[in-house]
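This is how it looks when you write it as C-alpha cells:
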C-alpha cells in the first residue's frame with residue numbers, strides 16, 4: 006500500500022498494528038476515514054493490554070471491525086491519556 010496512514014492524537018501507531026492496518030486497502034481506507042480521536046481510541050485499546058496474546062487478538066479484531074465499518078472499539082471506556 007502506498008497510501009499514508011493517518012495518526013492518532015496522543016499515541017503513535019505501533020508496528021504490529023500498522024502491519025494489520027496496511028494489510029488491505031479496505032482496512033487502510035477505513036482507518037484513514039476515522040477522526041484522529043477515534044484512531045487514538047483504537048491505538049490505545051490495542052496497546053493498553055498486558056498480555057501479548059490479548060494484544061494480537063485486539064489487532065486482529067481491529068482490522069476485522071474496521072473492514073466491517075466499525076468506528077470505535079466496543080465495550081471499552083476510552084483512552085485515559087487524552
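Numbering (the numbering used here), first residue to last: 6 to 87.
Beta carbons: idealized from backbone N, C-alpha and C, even for Gly.
Asked: Buried versus exposed, by CB contacts within 10 Å (16 or more), residue 36; Found: buried
Asked: Straight-line gap, residue 33 to residue 85 (C-alpha atoms, nearest Å); Found: 25 Å
Asked: Outcome for residue 50 when other beta-carbon atoms lying within 10 angstroms are tallied against a minimum of 16; Found: buried
Asked: Buried or exposed (CB count within 10 angstroms, at least 16 for buried), residue 63; Found: buried
Asked: Beta carbon of residue 83 nearer than 8 Å to that of residue 41; Found: no
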